[in-house]
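Q: This structure is in C-alpha cells; I'll ask about it shortly.
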Amino acid sequence: MPPRSALDPVSMEADRIGFFGKLPSHGDFVSTGLSRTVQDALDAWLQSGIAKAHHHAGENWEQIFANMPAWRFVAERGIWGPLTVAGVIVPSRDRVGRSFPLVITAQLHEFTGDTRKLCLDETWFIALEGLAETVSRRDFDLDTFTASLKRLRHLRPSDEHFEPRAGKSQRADTLWWRFDPMDRQNKGFRSGGAPQPTDFLELLMAGMEASAPSPSEPKPAPEPVPVPAPVQPPLAAANLNQFEAEPAPYLAPAPLAEARNFRLRHDKASHAGTRLSVNADAFLAQHTPFLFAVADGVGDSADAVEASRQTIAMLADTAPQDTIESLVQEMKGKLGRAHGLLQSTPGSWGRKPPLASLVSLGVVEDRFALVWAGDARAYLLRDGMMRCLTKDHVSVGLRRSLSRAIGLAGQLSPEVLSDELQAGDRFLLCSHPLSRVIPERSIAEILLSGDIDDIANTLIQEGLIADCRENLSAVVIDVKDGNGR
490 MPPRSALDPV SMEADRIGFF GKLPSHGDFV STGLSRTVQD ALDAWLQSGI AKAHHHAGEN
550 WEQIFANMPA WRFVAERGIW GPLTVAGVIV PSRDRVGRSF PLVITAQLHE FTGDTRKLCL
610 DETWFIALEG LAETVSRRDF DLDTFTASLK RLRHLRPSDE HFEPRAGKSQ RADTLWWRFD
670 PMDRQNKGFR SGGAPQPTDF LELLMAGMEA SAPSPSEPKP APEPVPVPAP VQPPLAAANL
730 NQFEAEPAPY LAPAPLAEAR NFRLRHDKAS HAGTRLSVNA DAFLAQHTPF LFAVADGVGD
790 SADAVEASRQ TIAMLADTAP QDTIESLVQE MKGKLGRAHG LLQSTPGSWG RKPPLASLVS
850 LGVVEDRFAL VWAGDARAYL LRDGMMRCLT KDHVSVGLRR SLSRAIGLAG QLSPEVLSDE
910 LQAGDRFLLC SHPLSRVIPE RSIAEILLSG DIDDIANTLI QEGLIADCRE NLSAVVIDVK
970 DGNGR
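The sequence shown begins at 490 in my numbering and counts up one residue at a time.
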C-alpha cells in the first residue's frame, strides 16, 4: 500500500481542522492537519469498511458509494485518542477514478463535555459540508481549499442541557447523522466504541431503496441521536420559479449570448443561509432581452417567497426593445405591475403585504441600465477596480427598514443608472446579506480570480464560512468583445 503523504505538520497542542482521503485533483491519498493517531485510525476503519462494502455489494459498491450522502459525526474522547473528533465524511475519488471517502475533522483536545451539545452547531457543519462539496469542481485548488478550512471558526458546543443517557456505559460512542432532503429531517444513529466496518456499511446504504439488499450481518436497532432541527442542505436551494434553475454545488455558466459588439456569459448561485430552511430569493437570467435580476423577499415566510417569485415572473415578461431607454421604461412598467399586485395581496395571518428588494440589469447593444429598489446591490468590476453602482434604499432609525421596495406602501419609484458597456466588464448582482458578511475587498478578489466558472458559488461559500444566517444569492455577468476578449 502506498504511503500517505502529509502536506504539513500538525501541532497537537492546538485544536485545528484537517482532512484525510482522496481528491480528484491528486493521484493518491492526501492528508493535512491530522494527528498520526487519528489519521491511522481513520485509514484502518475506512479500508476495512470499503472491503465490507465490496463483499456486500460486489462491483456495484462504487455506484452506491457515489450516491452516499454527506454524513456528520462526533466521536467521543477515547475513540481516536485523548481528544474529541467532529466532522463530515463525503464520497470522493482520486485523479484516476479510484473511490475513497474524504473526511474533514476538527480535533478538540480540551472538550470533555456532552458531545450531543456539539451536534447542535448547525452553522459549522453546514459550512464544512459546503466546503467538502467543492472538491469535485473542475477548478478545485488544494491551497484555496486548505485556506478556507483555516478560516472556518471553531466548533461551538450548545448551552442546551441534556439529561444523562439511560444505560450509558463507560465506553465512548460515536454519533452519526445526515440531512434527508426527502422529508427534510435529520436522521442518525449511535455506534458504541470505535467505528466498525458495519458502521461504514450503514453510512453507505443510506438513501437506498427499500428493495436494496440488507447487510449480511445483523445489527442491533440504532439508538436515536439528538440531532438539530432540520435545515436546508448546503449549497442547495428550493426551485423558486420557472426562471430559476435549482442552485447546485457546481453551476455551469450559461452559453455565450451575443449583443451587438459584445458577448455575455453569466453564472448564478443561491443558498438559504445557515439558519433558515426557506430561500426567499429568486433570480432571472435571460437573453431575449438581455435581462438579469436578483429579488430578495423580505422575511422568511411563504409571503416573502411569493414576493420574490411574483416580482421575477413579472420582470421576465419584459419585451425586447431597440434602445436602452425604452427597455428601462418597459422594465419599470413591469415592476410597477408587480408592485401593485403585491400591494393588493394581503399577507398571511393578517400581516402586511409581502415586500421584495430588487436589482436588475438590462443590456441593449453597447449600453446597460440598472433598475433597483431596496437594498439588493450591483457591483461593477472594470479595469481591475470594483465599485458599487447602487445605493441602498433604507431608512436610518432605531430599526433598519427599507425606504423603497416592491410592494411597499406608496408609489414605486425605482432608481435607474445607465452607461456604456466596455469589453472586460464584470457585473455582480447580489442580495444584501452577501455584501454584508463578505468585505468588499474580498468580493473584489473573488471577482478578479479568473474565468466566470463557479465564481457565484465561491461567493456563496464565502458567505457560509462567514456564518451568513440569511438567504444569499449572486448573479455574475461577464461582458466580452466579439473576439471573446
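Just so you know, even glycine gets a beta-carbon here, dropped at the ideal spot from N, CA and C.
Using a Cβ-Cβ cut-off of 6 angstroms (strictly less than) and excluding sequence neighbours within five positions of residue 692, which residues of its own chain qualify?
A: Only 560 meet the Cβ criterion.
Q: Please determine if the segment 861–873 and the segment 791–801 are in contact, where contact requires at least 3 C-beta pairs separated by less than 8 angstroms.
A: The segment 861–873 is not in contact with the segment 791–801.
Q: Here's the rule: buried if 16 or more other CB atoms are within 10 angstroms of the residue's CB, otherwise exposed. What is residue 914?
A: Flag for residue 914 reads buried.
Q: Residue 788: buried (16+ other C-beta within 10 angstroms of its C-beta) or exposed?
A: Classification for residue 788: buried.
Q: Counting Cβ pairs, one atom from each stretch, are 3 or more of them under 8 angstroms apart for the segment 574–591 and the segment 511–519?
A: Yes, since at least three Cβ pairs between the segment 574–591 and the segment 511–519 fall closer than 8 angstroms, the two stretches touch.
Q: Measure the C-alpha to C-alpha separation of residue 750 and residue 904 and round it to an integer number of angstroms.
A: One C-alpha to the other measures close to 27 angstroms.
Q: Does the count of Cβ pairs from the segment 547–567 and the segment 608–627 closer than 8 angstroms reach three?
A: Touching, per the Cβ criterion.
Q: Which residue's Cα is closest to the Cα of residue 686: 534, 650, 853, 930?
A: Selected option, being the one with the closest Cα: 534.
Q: Between which residues of its own chain and residue 947 is the CB-CB distance below 6 angstroms, once the five residues before and five after are set aside?
A: 935, listed in sequence order.
Q: Between the alpha carbons of residue 730 and residue 767, how many angstroms are there, rounded?
A: Here residue 730 scores only 31 on pLDDT, less than 50, and its place in the model should not be relied on; the value that follows carries that caveat. Rounded to whole angstroms, residue 730 to residue 767 spans 14 angstroms at the Cα level.
Q: Is it right to say residue 874 is buried, meaning 16 or more other beta carbons lie within 10 angstroms of its own, or is it exposed?
A: Its Cβ having fewer than 16 others within 10 Å, residue 874 is exposed.
Q: Could you check where the beta strand (DSSP E) with residue 959 kicks off and where it finishes?
A: No beta strand (DSSP E) holds residue 959; DSSP gives it neither H nor E.
Q: Following the continuous alpha helix (DSSP H) through residue 930, name the residue where it begins and the one where it ends.
A: Its alpha helix (DSSP H) spans residues 929–936.
Q: Taking the straight line between their C-alpha atoms, what separation do you get for residue 678 and residue 667?
A: Looking at the two C-alpha atoms, the distance is approximately 10 angstroms.
Q: What first and last residue would you give for the beta strand (DSSP E) that runs through residue 758?
A: Note, residue 758: beta strand (DSSP E), 751–760.
Q: Reducing DSSP to helix, strand and coil, say where residue 807 ends up.
A: Of the three classes helix, strand and coil, the one that applies to residue 807 here is coil, per DSSP.
Q: Residue 619 lies in the alpha helix (DSSP H); which residues open and close that run?
A: Counting along the chain, the alpha helix (DSSP H) containing residue 619 begins and ends at 611–621.
Q: In the structure shown, what three-state DSSP assignment does residue 800 receive?
A: Three-state result, residue 800: helix.
Q: Could you work out which residue in 651, 507, 849 is closest to residue 448 when comparing CA atoms only?
A: There is no way to answer for residue 448, as the model of the chain reaches only from 490 to 974.
Q: Indicate whether the contact test is met: 3 or more Cβ pairs, each with one atom in the segment 919–929 and one in the segment 960–972, closer than 8 angstroms.
A: Yes: at least three Cβ pairs fall under 8 angstroms.
Q: Rounded to the nearest angstrom, what separates residue 975 and residue 765 at their Cα positions?
A: Nothing about residue 975 can be reported from this structure: the residues present for the chain run from 490 to 974 only.
Q: DSSP puts residue 639 in a beta bridge; with which residues?
A: Residue 639 pairs with nothing; no bridge assigned.
Q: Does DSSP classify residue 676 as helix, strand or coil?
A: Residue 676: strand per DSSP, three-state reduction.
Q: Hey, quick one: how far does the alpha helix (DSSP H) through residue 534 stretch, first residue to last?
A: 525–546 is the span of the alpha helix (DSSP H), which, as asked, contains residue 534.
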